[in-house]
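A quick write-up on the structure given underneath.
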Amino acid sequence: MTSDFDDELRAHFDVARDADLPAGSFDRLVDRLDAPLAPLRARRMPKLLALAAAIVLIAGVAAVAAAQGGGDHPQSVHSVDDPTSTTGATTTSTTRPHHTTTTERVPGSTTTTTPGTTTSTTEPTVERDGRPDTIAAVVDPDGDGAGSLVVLDSSTGKVLRTLVADQVVDDVDVAPDGTIYYESDRSVVALDPDSGEQLATYPHMRSPEVSPHGSQLASFDHVLGTVSRLELASRQRKNILGDMGGNVPGQLAWSRDGGILAIEDVGPFESPDQGDGPPSLRRVILTDPNPYDDQIDMIDESFAHGIDDAASPVFPADGSLLVVSDLSQDGRHVVGDRMDAWDLASGQKLGEVSVSDVSGLDASADGQWVIATREGKRPHVVMTPAAAGDLQDLSRAPEGIIAAAW
Amino acid sequence: MIADVGDETGLDRLREVYERHARDLFRLGFALTGDRDLAEDLVHDAFVRLHRAPTEPSAEAMRAYLRRIVVNLVRDHHRRQVVAGRSRPEGEDAPSAEAVADAADRSAAVDAAIAALSHRQRICIVLHYFEGLTDAEIADAIGISVGSVKTHLHRARATLARRLEGLR
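Top line first, the protein sequences correspond to chains A and B. The numbering used here numbers the first residue of the first sequence as 49 and each following residue consecutively. The numbering used here numbers the first residue of the second sequence as 562 and each following residue consecutively.
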């Protein structure tokens, strides 16, 4: 290394130093501010055309069903304004019949206010079974980004059906009514688990996490850099965490009562590296997503409670916070060799479980069971009782599972 | 929110900040990605974030704030490209060696060698040699320690020197 070499590297960027913004750049920015999704829409026109075709098809099916008198639970089809856009873009969705409903007032019940109207709604919610029969999983056996969304038998891991094949699928969550929300190509897609029908598409959202009662969808807005929650019934969307300074939220987790959202704060460099540094720092930030106000209620308790260098938050049944700790880098992912349980009230660590190469967690609806993805040469799924007990390998699960939820 | 573009005053304020910083951000984005269209998109994304930010950074902090957003947007874009299989996963240096060897001229060889660095090393190189930032400023821009910046720069320079040695 010589100073000549340094000079050469400096001079190498002269082309960039001479580059100039294309004409009309500011006007295009103003267009973006008026319509933040416009460029993405332009790039995704084929998908939007397909979505439009699906909308027409769904509407036709609904019309036929209505003409035939429907059933006990006819599908409702509606098109609503995209709450993130001011240009009249629409998100079309179908409301699936819930498996069971309750009118008991729960945290999912909301009072929503829109200009000119005040509407009080009590959302029907669904309580999930403790340990469902199936698991939704993202499989990427080659690690090349082209993955599949499959449904697994939760006892054996056997693939029961493939819902999405050969697409960019990154993350998945399952709502109490069974609807699957998965991340694909910078959007979150709602999917009927039985028919594979796309129910709704939410643009520029990532890391979907449905609240325990199924009323809210938390996600990361990758354009605005915020964590937001979407009330699924009203389609109202509010930010609950502002720009994280360029950091990227990773996994999200709701507490059992829906009052706390834990957010994995992925440091500036999650992308794979050459092993020439420590793994990205991940913290668990806790927010209080009060559904009744518009305030951004961020409570950064990561330092106060010492929950640092931790990933994959999940809330077991006892209300503690379970995180993966002892992190290291394994290929594309940060993995941990330990699961720590924290008491949020006292800030005390309750205990730990040694488990190697864990990358992601999801708790069952009753919080009694936890599933985890494990990295390594053969990424797979394991399941463990949340309190104590041995890990169970799902021996018939396919290779390359990178995310799982139930 | 920096300005409400719905009124003329807000629009003028936004234009003022844009005219002051956008060109430099565009050049940084271009240096990091080599893609002019993507660089402009990154600049716009950065200003969308600025526009939506609850508080406006001070004039002194504005440049560093916007730079950090652009750097992290590049990081996010890179991650998505890797996940989508549209970019070479880092750590695989075979393509770079061939690209360097096949490069028609020295500048193309340097391009190829820089492109073959790890994402983190590449950003450190760009911020150091293009932006002229100090190690501490780089550390602040990308959120790692000064020691890590030194390590990345040292390794990046050594890697570049090794890969370009035969062409000197």
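All C-beta atoms, glycine included, are put in the ideal place defined by N, C-alpha and C. Quick caveat: nothing in here was measured; it's all calculated off a predicted structure.
Asked, Found
"Nearest-angstrom Cα separation, counted from Arg209 (chain A) out to Pro256 (chain A)", "21 Å"
"Partners in chain A for Arg588 (chain B), counting only beta-carbon separations shorter than 7 Å", "Ala64, Arg65 and Ala67"
"DSSP state of Leu714 (chain B) mapped onto helix, strand, coil", "helix"
"Nearest to Leu593 (chain B) (by Cα), restricted to the options B:Glu621, B:Arg628 and B:Asp666", "B:Arg628"
"contact_flag[the region 234-249 of chain A, the region 581-588 of chain B] where n(CB pairs < 8 Å) is 3 or more", "no"
"Given Ser232 (chain A) as reference, the closest of A:Met253, A:Gly244 and A:Asp225 once Cα atoms are compared", "A:Met253"
"Three-way DSSP call (helix, strand, coil) for Gln682 (chain B) in this model", "helix"
"One or two residues paired with Met623 (chain B) in a DSSP bridge", "Note: Met623 (chain B) sits in no beta bridge, so no partner."
"Validate contact between the region 437-451 of chain A and the region 199-214 of chain A using beta carbons, cut 8 Å, 3 pairs", "yes"
"Ala114 (chain A) versus Asp242 (chain A): straight-line alpha-carbon distance, rounded", "Model confidence at Ala114 (chain A) stands at a pLDDT of 39, short of 50, so the residue's coordinates are unreliable; what they give is reported in the following sentence. Approximately 21 Å, taken between the alpha carbons."
"Ala194 (chain A) to Asp214 (chain A) span [Cα, whole Å]", "5 Å"
"Proximal chain B residues relative to Pro70 (chain A), where beta-carbon distance stays under 8 Å", "Arg597 and Glu601"
"Proximal chain A residues relative to His612 (chain B), where beta-carbon distance stays under 7 Å", "Leu81"
"Glu726 (chain B), DSSP secondary structure in three states", "helix"
"C-beta atoms of Phe587 (chain B) and Leu77 (chain A) nearer than 7 Å", "no"
"Element boundaries [beta strand (DSSP E), containing Ser232 (chain A)]", "Ile228 to Ser232"
"Any chain A beta carbon closer than 7 Å to Asp671 (chain B)", "Before going on, a small fix: residue 671 (chain B) reads as Val here, not Asp. Closer than 7 Å to some Cβ of chain A, the Cβ of Val671 (chain B) qualifies, so yes."
"Helix, strand or coil at His428 (chain A) [DSSP, three-state]", "strand"
"Selection of the region 262-273 of chain A by Cβ proximity to chain B, strictly under 8 Å", "His270, Val271, Leu272 and Gly273"
"Where the beta strand (DSSP E) containing Ile675 (chain B) begins and where it ends", "Not the beta strand (DSSP E): Ile675 (chain B) falls in the alpha helix (DSSP H), residues Arg667 to Ala676."
"Whole-angstrom C-beta distance between Arg636 (chain B) and Thr273 (chain A), which should lie under 8 Å", "Residue identity differs from the one stated: residue 273 (chain A) is Gly in this sequence, not Thr. About 12 Å; that fails the 8 Å criterion."
"Contacts of Arg422 (chain A) in chain D (Cβ-Cβ under 9 Å)", "Protein chains A and B are contained in the structure displayed, whereas chain D is not."
"Ser402 (chain A) burial status per 10 Å Cβ neighbour count (16 or more: buried)", "exposed"
"DSSP state of Leu688 (chain B) mapped onto helix, strand, coil", "helix"
"Contacts of His605 (chain B) in chain A (Cβ-Cβ under 7 Å)", "Arg76, Leu77 and Arg80"
"Buried or exposed (CB count within 10 angstroms, at least 16 for buried), Gly399 (chain A)", "exposed"
"Cut-off 7 Å between Cβ atoms - residues of its own chain near Ile703 (chain B), not counting five sequence neighbours on either side", "Val632 and Ile684"
"Distance between Phe53 (chain A) and Ala722 (chain B) (C-alpha atoms, nearest Å)", "8 Å"
"Distance between Gly307 (chain A) and His680 (chain B) (C-alpha atoms, nearest Å)", "38 Å"
"Candidates A:Glu423, A:Leu392 and A:Trp390: closest to Val406 (chain A) by CA position", "A:Glu423"
"Identified DSSP bridge partners for Val217 (chain A)", "A:Ser232"
"Residue environment, Gln299 (chain A), which counts as buried when at least 16 other CB atoms sit within 10 Å", "buried"
"Among A:Val236, A:Asp269, A:Val271 and A:Ala223, nearest to Val258 (chain A) - alpha-carbon criterion", "A:Ala223"
"Interface residues of chain B facing His252 (chain A) [CB-CB closer than 9 Å]", "Result: empty, since nearest Cβ-Cβ is about 10 Å, beyond 9 Å."
"6 Å Cβ shell around Val418 (chain A) - same chain, five flanking residues per side excluded", "Leu409, Ala411, Thr432 and Ala434"
"Any C-beta of chain B under 7 Å from that of His60 (chain A)", "yes"
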